[in-house]
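Novice: To get the numbering used here, take the position in the sequence shown, counting from 1, and add 45. Every residue, glycine too, gets a C-beta built ideally from N, C-alpha and C. Given the structure is predicted, the values throughout are model-derived calculations rather than measurements. After the structure tokens below, expect a handful of questions from me.
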Amino acid sequence: MTRPVIGILLDYQEEGSFSRRPHYALRQAYFDAVWTAGGLPVGLPYIAEGWDDYLAAVGGVIVPGGFYPFPEVYYGGEIVVAEAPHPRHAAEVPLVRAAIDRDVPLLGICAGLQVLAAVEGASLIRDLKSEIAGPIDHLNEKPAEEPAHAVTVMPDTLLHRIVGRDEIMVNTAHNEAPRALPPTLIVNAVAPDGVIEGAERPDRKFCLGVQWHPEFFLDKRDPNQALFRALVEAAR
Numbered sequence: 046m047t048r049p050v051i052g053i054l055l056d057y058q059e060e061g062s063f064s065r066r067p068h069y070a071l072r073q074a075y076f077d078a079v080w081t082a083g084g085l086p087v088g089l090p091y092i093a094e095g096w097d098d099y100l101a102a103v104g105g106v107i108v109p110g111g112f113y114p115f116p117e118v119y120y121g122g123e124i125v126v127a128e129a130p131h132p133r134h135a136a137e138v139p140l141v142r143a144a145i146d147r148d149v150p151l152l153g154i155c156a157g158l159q160v161l162a163a164v165e166g167a168s169l170i171r172d173l174k175s176e177i178a179g180p181i182d183h184l185n186e187k188p189a190e191e192p193a194h195a196v197t198v199m200p201d202t203l204l205h206r207i208v209g210r211d212e213i214m215v216n217t218a219h220n221e222a223p224r225a226l227p228p229t230l231i232v233n234a235v236a237p238d239g240v241i242e243g244a245e246r247p248d249r250k251f252c253l254g255v256q257w258h259p260e261f262f263l264d265k266r267d268p269n270q271a272l273f274r275a276l277v278e279a280a281r
């Protein structure tokens, strides 16, 4: 059976150990997770004029994690007209908007969840450590392959149908999160300290984001891997 094509938005570095010039970069784990789930992973470069063709060619899209600046307006600040968006963010906003509008299956991971929420009109928390009291360190220093804390999976959500559990253990490596969601989105996972760990748009076939990094768990029995299998099936 032909594997459904899953496009993964590439991350971006102005310069780094790979090259002193701008280049795309993305961890291998995203590609491994899609392949293990039965999909055919391909990287999506920042060619805005090509989004129509890319979305016609893929069955689903992943917006991965990353560390890069968002516009101040996402945190409640003023719109700065002269503020040039980060190259990745300039590319992912129209991609996410088009995928939602066309009902192309979409999975946002970590920063990808935040982008999904912000595109729909959510506000973000810039610094969880300064705003959320509690024992959970969301910028955890454990290896990404190790679970760090539990999340409650909300009933009657796509996420709950996918993982089949009321609670799962997740890793964590983020210091931002959605503050509040717009009416188009619903919360599907919450940390013990109340931080929104997942959101989805229920009127779409598959439009879902999580704050953790499920791509590091490749065991087919793991509920994290079930996210990628569900995306692949939606793409099929």
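1) Quick one: give me the first and last residue of the beta strand (DSSP E) that residue 21 is part of.
2) Using the three-state DSSP reduction, which class does residue 224 fall into: helix, strand or coil?
3) Quick one: complete beta strand (DSSP E) runs, 3+ long, within the region 237 to 277?
4) Which value, in whole angstroms, describes the spacing of the CA atoms of residue 160 and residue 47?
5) Which word fits residue 350, buried or exposed, when buried means at least 16 other C-beta atoms lie within 10 angstroms of its C-beta?
6) Could you give the residue range of the alpha helix (DSSP H) that holds residue 168?
7) Looking only at its chain, what residues have a beta carbon closer than 7 angstroms to the beta carbon of residue 90, apart from the 5 residues adjacent to it on each side?
8) Using three-state DSSP, classify residue 95 as helix, strand or coil.
9) Could you please give the first and the last residue of the uninterrupted alpha helix (DSSP H) stretch that includes residue 60?
10) How should residue 122 be labelled, buried or exposed, when 16 other C-beta atoms within 10 angstroms of its C-beta is the threshold for buried?
11) Please state whether DSSP places residue 132 in a helix, a strand or coil.
12) In chain order, what residues of the same chain lie with their CB nearer than 8 angstroms to the CB of residue 81, ignoring the 5 residues before and after it?
13) Can you check whether the CB of residue 157 is closer than 7 angstroms to the CB of residue 276?
14) Between residue 157 and the ligand GDP, is the CB less than 6 angstroms from at least one heavy atom?
15) Give, in chain order, every unbroken run of the beta strand (DSSP E) that is at least 3 residues long and sits entirely within the region 133 to 158.
16) Quick check: the Cα distance between residue 108 and residue 260, rounded to an integer number of angstroms?
17) I need the DSSP call for residue 177, collapsed to helix, strand or coil.
18) Measuring CB to CB, does residue 234 end up less than 7 angstroms from residue 198?
19) So, for residue 242: in the same chain, excluding its five sequence neighbours on each side, which residues have a beta-carbon less than 8 angstroms away from its beta-carbon?
20) Go ahead and pull the three-state DSSP assignment for residue 280.
Specialist: So, from the listed chains and residues:
1) Any question about residue 21 goes unanswered here, given that the chain covers just 46 to 281.
2) The answer is strand: DSSP assigns residue 224 an E or B state.
3) If we require 3 residues or more, the beta strand (DSSP E) runs fully inside the region 237 to 277 come out as 241 to 245 and 252 to 255.
4) A straight line joining the alpha-carbon of residue 160 with that of residue 47 spans about 30 angstroms.
5) Outside the shown range of the chain, which is 46 to 281, sits residue 350, and nothing can be said about it.
6) Bounds of any alpha helix (DSSP H) do not take in residue 168; it lies within the beta strand (DSSP E) bounded by 168 to 170.
7) Result list for residue 90: 55 and 69, in chain order.
8) The answer is helix: DSSP assigns residue 95 an H, G or I state.
9) Careful: residue 60 lies outside any alpha helix (DSSP H) and carries neither H nor E.
10) Residue 122 should be labelled exposed.
11) Secondary structure of residue 132 (DSSP, three-state): helix.
12) Around residue 81: 263, 265, 270 and 273.
13) No, these two residues do not count as a Cβ contact at 7 angstroms.
14) Of ligands this structure carries none, so the ligand GDP is not represented either.
15) Runs of beta strand (DSSP E) with 3 or more residues, each lying fully within the region 133 to 158, are found at 151 to 154, listed in chain order.
16) Cα to Cα, the separation comes out at about 12 angstroms.
17) It is coil, neither helix nor strand.
18) A contact, by the Cβ cut-off of 7 angstroms.
19) Around residue 242, the same chain offers 196, 215, 222, 234, 235, 236, 255, 256 and 257 as residues with beta carbons nearer than 8 angstroms, after the five sequence neighbours per side are excluded.
20) For residue 280, the secondary structure class from DSSP, reduced to helix, strand or coil, is helix.
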